[in-house]
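Engineer:
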Amino acid sequence: MHEAAALAAGFSLVYRRLDLDLGPDIPLSELLKLADWMGFDGLNVTYPCKQAVLPYLDELSENARGVGAVNTVVLRDGRRFGHNTDIWGFTEAFRNELPDVPRTRVLQLGAGGAGSAVAFGLLSEGVGELRLFDPDRARAELLAREMAELGKAAEIVVVEDAGAAAEGCDGIVNASPVGMQKMPGLPLPAEAIRGEAWVVDVVYFPIETEFLATARARGCRVMGGGGMALWQAVRAFELFTGQKPDQRAMREAFARKARLMAAAND
20 MHEAAALAAG
30 FSLVYRRLDL
40 DLGPDIPLSE
50 LLKLADWMGF
60 DGLNVTYPCK
70 QAVLPYLDEL
80 SENARGVGAV
90 NTVVLRDGRR
100 FGHNTDIWGF
110 TEAFRNELPD
120 VPRTRVLQLG
130 AGGAGSAVAF
140 GLLSEGVGEL
150 RLFDPDRARA
160 ELLAREMAEL
170 GKAAEIVVVE
180 DAGAAAEGCD
190 GIVNASPVGM
200 QKMPGLPLPA
210 EAIRGEAWVV
220 DVVYFPIETE
230 FLATARARGC
240 RVMGGGGMAL
250 WQAVRAFELF
260 TGQKPDQRAM
270 REAFARKARL
280 MAAAND
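Numbering (our numbering), first residue to last: 20 to 285.
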(Lines of atoms letter the chains of each structure in order from A; the text may use other names.)
(Lines give C-alpha, C1' and ligand atoms only; values in the text may rest on other atoms or scores of the structure.)
Protein backbone atom coordinates (compact mmCIF):
# COMPACT_ATOMS: atom_id res chain seq x y z
CA MET A 20 0.00 0.00 0.00
CA HIS A 21 2.74 2.47 0.93
CA GLU A 22 4.81 1.77 -2.16
CA ALA A 23 1.73 2.10 -4.40
CA ALA A 24 0.80 5.43 -2.81
CA ALA A 25 4.32 6.77 -3.31
CA LEU A 26 4.37 5.62 -6.95
CA ALA A 27 1.04 7.39 -7.53
CA ALA A 28 2.53 10.55 -6.00
CA GLY A 29 5.61 10.39 -8.22
CA PHE A 30 8.35 9.36 -5.82
CA SER A 31 9.94 6.11 -4.71
CA LEU A 32 9.46 4.49 -1.32
CA VAL A 33 10.69 1.16 -0.01
CA TYR A 34 8.56 -0.68 2.56
CA ARG A 35 10.02 -3.86 4.04
CA ARG A 36 8.83 -6.42 6.57
CA LEU A 37 10.90 -7.03 9.71
CA ASP A 38 9.36 -10.25 10.98
CA LEU A 39 10.32 -11.25 14.51
CA ASP A 40 9.12 -14.80 13.82
CA LEU A 41 11.67 -15.23 11.02
CA GLY A 42 14.66 -14.28 13.19
CA PRO A 43 17.36 -13.75 14.06
CA ASP A 44 16.34 -13.33 17.67
CA ILE A 45 16.86 -9.57 18.11
CA PRO A 46 15.42 -7.69 21.12
CA LEU A 47 12.86 -5.04 20.18
CA SER A 48 15.11 -2.28 21.51
CA GLU A 49 17.92 -3.41 19.21
CA LEU A 50 15.58 -3.75 16.25
CA LEU A 51 14.61 -0.09 16.63
CA LYS A 52 18.26 0.93 16.70
CA LEU A 53 18.91 -1.18 13.61
CA ALA A 54 15.98 0.38 11.73
CA ASP A 55 17.24 3.86 12.54
CA TRP A 56 20.80 2.96 11.50
CA MET A 57 19.51 1.50 8.21
CA GLY A 58 17.79 4.79 7.39
CA PHE A 59 14.14 3.87 7.89
CA ASP A 60 11.82 6.88 8.20
CA GLY A 61 9.44 4.89 10.34
CA LEU A 62 7.88 1.58 11.26
CA ASN A 63 4.44 0.08 11.53
CA VAL A 64 4.17 -2.08 14.63
CA THR A 65 1.83 -5.04 14.88
CA TYR A 66 1.01 -7.93 17.23
CA PRO A 67 2.54 -8.59 19.73
CA CYS A 68 4.60 -5.39 19.96
CA LYS A 69 2.08 -2.52 20.13
CA GLN A 70 2.46 -2.15 23.89
CA ALA A 71 5.92 -3.69 24.29
CA VAL A 72 7.42 -0.93 22.12
CA LEU A 73 6.33 1.90 24.46
CA PRO A 74 9.42 1.96 26.75
CA TYR A 75 11.72 2.47 23.76
CA LEU A 76 10.04 5.60 22.38
CA ASP A 77 11.00 9.21 23.10
CA GLU A 78 7.57 10.78 22.63
CA LEU A 79 3.95 9.66 22.24
CA SER A 80 1.08 11.34 20.46
CA GLU A 81 -1.95 12.17 22.57
CA ASN A 82 -4.03 9.27 21.29
CA ALA A 83 -1.17 6.75 21.64
CA ARG A 84 -0.65 7.88 25.23
CA GLY A 85 -4.38 7.71 25.90
CA VAL A 86 -4.83 4.10 24.78
CA GLY A 87 -1.38 2.90 25.80
CA ALA A 88 -0.54 1.36 22.42
CA VAL A 89 1.47 2.33 19.33
CA ASN A 90 1.20 0.99 15.81
CA THR A 91 3.24 3.65 13.99
CA VAL A 92 6.73 4.88 14.90
CA VAL A 93 8.24 7.88 13.11
CA LEU A 94 12.05 8.13 13.20
CA ARG A 95 13.31 11.72 13.02
CA ASP A 96 16.68 13.22 13.97
CA GLY A 97 17.63 10.34 16.22
CA ARG A 98 14.30 10.38 18.09
CA ARG A 99 11.35 7.97 18.03
CA PHE A 100 7.81 9.29 17.96
CA GLY A 101 4.95 6.87 18.68
CA HIS A 102 1.49 7.26 17.13
CA ASN A 103 -1.70 5.21 17.03
CA THR A 104 -3.35 5.28 13.62
CA ASP A 105 -5.38 2.16 14.45
CA ILE A 106 -8.00 4.30 16.20
CA TRP A 107 -8.72 6.38 13.11
CA GLY A 108 -8.33 3.30 10.92
CA PHE A 109 -10.99 1.37 12.82
CA THR A 110 -13.48 4.21 13.16
CA GLU A 111 -13.17 5.23 9.51
CA ALA A 112 -13.77 1.63 8.38
CA PHE A 113 -16.68 1.23 10.80
CA ARG A 114 -18.33 4.45 9.62
CA ASN A 115 -17.98 3.42 5.98
CA GLU A 116 -18.96 -0.25 6.24
CA LEU A 117 -21.44 -0.43 9.13
CA PRO A 118 -22.78 3.12 9.43
CA ASP A 119 -26.31 2.31 10.54
CA VAL A 120 -25.93 -0.68 12.85
CA PRO A 121 -27.43 -0.65 16.37
CA ARG A 122 -24.82 -0.20 19.07
CA THR A 123 -26.63 -0.35 22.39
CA ARG A 124 -24.57 -3.32 23.57
CA VAL A 125 -21.36 -4.69 22.00
CA LEU A 126 -19.00 -7.52 22.96
CA GLN A 127 -15.30 -6.97 22.28
CA LEU A 128 -12.92 -9.93 22.30
CA GLY A 129 -9.33 -8.96 23.06
CA ALA A 130 -7.90 -6.17 25.22
CA GLY A 131 -4.34 -5.90 23.91
CA GLY A 132 -2.78 -3.29 21.66
CA ALA A 133 -5.37 -3.54 18.90
CA GLY A 134 -8.12 -3.91 21.51
CA SER A 135 -7.22 -0.58 23.08
CA ALA A 136 -7.70 1.25 19.79
CA VAL A 137 -10.88 -0.65 18.93
CA ALA A 138 -12.45 0.00 22.34
CA PHE A 139 -11.72 3.72 21.99
CA GLY A 140 -13.23 3.68 18.51
CA LEU A 141 -16.36 1.79 19.53
CA LEU A 142 -17.03 4.08 22.47
CA SER A 143 -16.41 7.14 20.29
CA GLU A 144 -19.00 5.77 17.86
CA GLY A 145 -21.70 5.71 20.52
CA VAL A 146 -21.66 2.18 21.96
CA GLY A 147 -23.76 2.29 25.12
CA GLU A 148 -22.44 -0.81 26.88
CA LEU A 149 -19.11 -2.39 26.00
CA ARG A 150 -18.49 -5.91 27.23
CA LEU A 151 -14.79 -6.77 27.32
CA PHE A 152 -13.39 -10.29 27.24
CA ASP A 153 -9.74 -11.29 27.34
CA PRO A 154 -8.22 -14.57 28.54
CA ASP A 155 -6.07 -12.35 30.77
CA ARG A 156 -8.79 -10.76 32.91
CA ALA A 157 -6.35 -8.27 34.42
CA ARG A 158 -5.63 -6.90 30.97
CA ALA A 159 -9.35 -6.43 30.28
CA GLU A 160 -9.79 -4.69 33.63
CA LEU A 161 -6.88 -2.37 32.87
CA LEU A 162 -8.40 -1.44 29.51
CA ALA A 163 -11.77 -0.78 31.18
CA ARG A 164 -10.09 1.60 33.65
CA GLU A 165 -8.17 3.36 30.88
CA MET A 166 -11.34 3.94 28.87
CA ALA A 167 -13.12 5.26 31.96
CA GLU A 168 -10.23 7.64 32.65
CA LEU A 169 -10.48 8.93 29.08
CA GLY A 170 -14.00 10.05 29.94
CA LYS A 171 -15.91 7.66 27.69
CA ALA A 172 -19.52 7.95 28.89
CA ALA A 173 -20.54 4.32 28.58
CA GLU A 174 -20.91 1.26 30.74
CA ILE A 175 -17.81 -0.94 30.42
CA VAL A 176 -18.15 -4.47 31.78
CA VAL A 177 -15.40 -7.08 32.03
CA VAL A 178 -16.84 -10.54 31.39
CA GLU A 179 -15.62 -14.06 32.17
CA ASP A 180 -17.45 -16.08 29.51
CA ALA A 181 -17.35 -14.74 25.95
CA GLY A 182 -20.06 -17.07 24.70
CA ALA A 183 -22.52 -16.14 27.44
CA ALA A 184 -21.66 -12.43 27.12
CA ALA A 185 -22.60 -12.44 23.43
CA GLU A 186 -26.24 -12.99 24.38
CA GLY A 187 -28.23 -9.80 23.81
CA CYS A 188 -25.40 -7.96 22.05
CA ASP A 189 -26.00 -5.97 18.88
CA GLY A 190 -22.46 -6.62 17.69
CA ILE A 191 -19.38 -8.75 18.33
CA VAL A 192 -15.89 -7.46 17.56
CA ASN A 193 -12.79 -9.63 17.47
CA ALA A 194 -9.77 -7.52 18.42
CA SER A 195 -7.75 -10.54 19.51
CA PRO A 196 -5.10 -12.39 17.44
CA VAL A 197 -7.28 -15.50 17.27
CA GLY A 198 -7.98 -16.18 13.61
CA MET A 199 -4.60 -15.06 12.31
CA GLN A 200 -2.81 -17.57 10.07
CA LYS A 201 -0.51 -18.54 12.93
CA MET A 202 -3.39 -18.66 15.46
CA PRO A 203 -6.34 -20.23 13.58
CA GLY A 204 -9.72 -20.81 15.14
CA LEU A 205 -12.71 -18.95 16.56
CA PRO A 206 -12.44 -16.37 19.36
CA LEU A 207 -15.72 -17.61 20.90
CA PRO A 208 -17.99 -20.65 20.40
CA ALA A 209 -19.72 -20.73 17.02
CA GLU A 210 -23.14 -21.18 18.63
CA ALA A 211 -22.75 -17.78 20.33
CA ILE A 212 -22.79 -16.00 16.95
CA ARG A 213 -26.42 -15.06 16.29
CA GLY A 214 -27.64 -14.14 12.82
CA GLU A 215 -29.17 -10.84 13.94
CA ALA A 216 -25.84 -9.54 15.32
CA TRP A 217 -23.27 -7.65 13.27
CA VAL A 218 -19.72 -8.97 13.40
CA VAL A 219 -16.31 -7.31 12.98
CA ASP A 220 -12.90 -8.98 12.79
CA VAL A 221 -9.80 -6.77 12.76
CA VAL A 222 -7.60 -9.67 11.62
CA TYR A 223 -6.63 -9.23 7.95
CA PHE A 224 -4.25 -12.19 7.43
CA PRO A 225 -6.25 -14.09 6.21
CA ILE A 226 -8.79 -11.58 4.91
CA GLU A 227 -11.63 -14.09 5.41
CA THR A 228 -11.15 -15.55 8.88
CA GLU A 229 -13.07 -18.52 10.25
CA PHE A 230 -14.92 -16.06 12.50
CA LEU A 231 -16.10 -13.98 9.53
CA ALA A 232 -16.99 -17.03 7.45
CA THR A 233 -19.04 -18.48 10.33
CA ALA A 234 -20.83 -15.17 10.93
CA ARG A 235 -21.54 -14.69 7.23
CA ALA A 236 -23.00 -18.20 6.99
CA ARG A 237 -25.32 -17.39 9.90
CA GLY A 238 -26.62 -14.28 8.12
CA CYS A 239 -24.69 -11.62 10.06
CA ARG A 240 -23.61 -8.31 8.58
CA VAL A 241 -19.83 -8.44 8.68
CA MET A 242 -16.79 -6.19 8.44
CA GLY A 243 -13.34 -7.65 7.86
CA GLY A 244 -9.97 -6.28 8.85
CA GLY A 245 -9.14 -4.91 5.40
CA GLY A 246 -10.80 -1.55 5.97
CA MET A 247 -8.97 -0.89 9.22
CA ALA A 248 -5.69 -1.99 7.61
CA LEU A 249 -6.26 0.45 4.75
CA TRP A 250 -7.25 3.49 6.77
CA GLN A 251 -4.54 3.11 9.43
CA ALA A 252 -2.04 2.93 6.55
CA VAL A 253 -3.45 6.13 5.00
CA ARG A 254 -2.74 8.03 8.22
CA ALA A 255 0.64 6.33 8.71
CA PHE A 256 1.70 7.32 5.18
CA GLU A 257 0.99 10.96 6.02
CA LEU A 258 3.13 10.66 9.16
CA PHE A 259 6.02 8.99 7.32
CA THR A 260 6.08 11.25 4.26
CA GLY A 261 4.22 14.45 5.12
CA GLN A 262 1.98 13.90 2.09
CA LYS A 263 -1.61 12.79 1.67
CA PRO A 264 -1.71 9.50 -0.24
CA ASP A 265 -3.83 8.37 -3.15
CA GLN A 266 -6.31 6.24 -1.19
CA ARG A 267 -7.53 4.48 -4.31
CA ALA A 268 -4.00 3.31 -5.14
CA MET A 269 -3.60 1.97 -1.62
CA ARG A 270 -6.97 0.20 -1.71
CA GLU A 271 -6.18 -1.45 -5.06
CA ALA A 272 -2.76 -2.57 -3.82
CA PHE A 273 -4.31 -4.13 -0.73
CA ALA A 274 -6.98 -5.88 -2.81
CA ARG A 275 -4.34 -7.32 -5.14
CA LYS A 276 -2.35 -8.68 -2.21
CA ALA A 277 -5.49 -10.15 -0.61
CA ARG A 278 -6.36 -11.94 -3.87
CA LEU A 279 -2.85 -13.37 -4.18
CA MET A 280 -2.91 -14.61 -0.58
CA ALA A 281 -6.34 -16.18 -1.03
CA ALA A 282 -5.18 -17.95 -4.19
CA ALA A 283 -2.05 -19.22 -2.45
CA ASN A 284 -4.15 -20.68 0.37
CA ASP A 285 -6.63 -22.46 -1.94
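For glycine and all other residues, C-beta sits at the position ideal for the given N, C-alpha and C.
For K263, count the other beta carbons within 10 Å of its own beta carbon; 16 or more makes it buried, fewer makes it exposed. Which is it?
Structural biologist: Within the sequence shown, the letter at position 244 stands for residue 263. With fewer than 16 Cβ atoms within 10 Å of its Cβ, K263 is classed as exposed.
Engineer: Less than 7 Å between the beta carbons of V125 and C188, yes or no?
Structural biologist: Within the sequence shown, residue 125 is the residue found at index 106, counting from 1. Within the sequence shown, residue 188 is the residue found at index 169, counting from 1. The answer is yes: Cβ separation under 7 Å.
Engineer: Which one of I226, T110, G58 has the shortest CA to CA distance from R275?
Structural biologist: Residue numbering aside, residue 275 sits at position 256 when the sequence shown is read from its first letter. Across the set I226, T110, G58, the C-alpha of I226 shows the shortest separation from the C-alpha of R275.
Engineer: Would you mind stating whether F259 and A24 have Cβ atoms separated by less than 7 Å?
Structural biologist: For the purposes of this step, residue 259 is identified with residue 240 of the sequence shown, where counting begins at 1. For the purposes of this step, residue 24 is identified with residue 5 of the sequence shown, where counting begins at 1. It is not a contact, given that the beta carbons lie outside the stated cut-off.
Engineer: List the whole-angstrom C-beta distance separating G198 from E168, where the pair is believed to meet the contact cut-off of C-beta under 8 Å.
Structural biologist: As a working note, residue 198 is residue 179 in the sequence shown. As a working note, residue 168 is residue 149 in the sequence shown. Not confirmed; about 30 Å, so no contact.
Engineer: Suppose only complete runs of 4+ residues qualify. What are the alpha helix (DSSP H) ranges in the stretch 44-118, listed by chain order?
Structural biologist: 47-56, 81-86, 105-116
Engineer: Look at the alpha carbon of P118 and the alpha carbon of G29, and state the distance between them as a whole number of angstroms.
Structural biologist: For this step, residue 118 is matched to residue 99 along the sequence shown. For this step, residue 29 is matched to residue 10 along the sequence shown. C-alpha separation (whole angstroms): 34 Å.
Engineer: Considering only the alpha carbon of each residue, which of D155, K171, P196, S135 lies closest to S143?
Structural biologist: Mapped onto the sequence shown, residue 143 falls at position 124. It is K171 whose Cα lies nearest to the Cα of S143.
Engineer: Just to confirm the assignment, what range does the beta strand (DSSP E) spanning G134 have?
Structural biologist: Stepping through the sequence shown from its first residue, residue 134 is reached at position 115. No beta strand (DSSP E) holds G134; the alpha helix (DSSP H) holding it covers 132-143.
Engineer: For A209, which option in Q200, L231, K201, P196 has the closest C-alpha, if you only look at C-alpha atoms?
Structural biologist: Translated into positions along the sequence shown, residue 209 becomes position 190. It is L231 whose Cα lies nearest to the Cα of A209.
Engineer: So, with DSSP's three-state summary, where would you put Q127?
Structural biologist: Here residue 127 refers to the residue found at position 108 of the sequence shown. Looking at Q127 - three-state DSSP - the assignment turns out to be strand.
Engineer: DSSP three-state call for G147: helix, strand or coil?
Structural biologist: Here residue 147 is taken as the residue at index 128 of the sequence shown, counted from 1. If DSSP states are grouped into helix, strand and coil, G147 belongs with coil.
Engineer: Could you check which residue in L128, A194, P203 has the C-alpha nearest to that of V177?
Structural biologist: If you number the sequence shown from 1, residue 177 lands on position 158. Nearest option by C-alpha distance: L128.
Engineer: If the criterion is Cβ atoms closer than 7 Å, does the pair E22 and L37 meet it?
Structural biologist: Within the sequence shown, the letter at position 3 stands for residue 22. Within the sequence shown, the letter at position 18 stands for residue 37. Contact: no.
Engineer: Specify the secondary structure class of R240 as computed by DSSP and reduced to three states.
Structural biologist: Taking the first residue of the sequence shown as position 1, residue 240 is located at position 221. Three-state result, R240: strand.
Engineer: What residue range does the beta strand (DSSP E) around E174 cover?
Structural biologist: Stepping through the sequence shown from its first residue, residue 174 is reached at position 155. It spans 174-177 - the beta strand (DSSP E) in which E174 sits, taken as one unbroken run.
Engineer: So within the stretch 178-239, which uninterrupted beta strand (DSSP E) runs reach at least 3 residues, ignoring any that extend past its ends?
Structural biologist: The stretch 178-239 contains these whole beta strand (DSSP E) runs: 190-193, 217-220.
Engineer: For G134 versus A194, is the C-beta distance shorter than 7 Å?
Structural biologist: Position 115 of the sequence shown holds residue 134. Position 175 of the sequence shown holds residue 194. The answer is yes: Cβ separation under 7 Å.
Engineer: So L51 and R99 are supposed to be a Cβ contact under 8 Å. How far apart are they, rounded?
Structural biologist: Position 32 of the sequence shown, counting from 1, holds the residue named residue 51. Position 80 of the sequence shown, counting from 1, holds the residue named residue 99. Contact holds; Cβ gap of about 6 Å.
Engineer: Quickly, what does DSSP pair F152 with across the bridge? List them, please.
Structural biologist: Taking the sequence shown and counting its residues from 1, one reaches residue 152 at position 133. L128.
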